[in-house]
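Accompanying notes for the structure given below.
In this note's numbering, the protein residues as written are 374 to 444.
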């Protein structure tokens, strides 16, 4: 599982840093999934409240889908 977690962490940084098309919603979502609270707060400074809510909703949906598929 460490390889998956590391990949998710790298995804969050790639979206934040523009190595993928810069997307703060995606960056925030992945930081929320991997519990990167400090990085998540950094990204949130560049987002609207609507974007933050969207990212939180997508992260929650993703986490729930993983839980359901693991059962």
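Quick reminder that beta carbons are idealized off the backbone N, C-alpha and C, glycines included.
Just so it is clear, the structure is predicted and the values come from calculations on it, not from any experiment.
Closest Cα partner of residue 411 within the set 431, 439, 393 and 382: 382
Residues of its chain near residue 413, where Cβ-Cβ distance is below 8 Å and the 5 sequence neighbours each way are ignored: 401, 404 and 405
Exposure of residue 432, with buried meaning 16 or more beta-carbon neighbours within 10 Å: buried
Element boundaries [alpha helix (DSSP H), containing residue 426]: 422-443
Rounded straight-line distance, which links the Cα of residue 398 to that of residue 388: 9 Å
Residue 378 versus 428, 390, 408 and 392, residue with shortest Cα-Cα distance: Looking at 428, 390, 408 and 392, the one whose alpha-carbon comes closest to that of residue 378 is 408.
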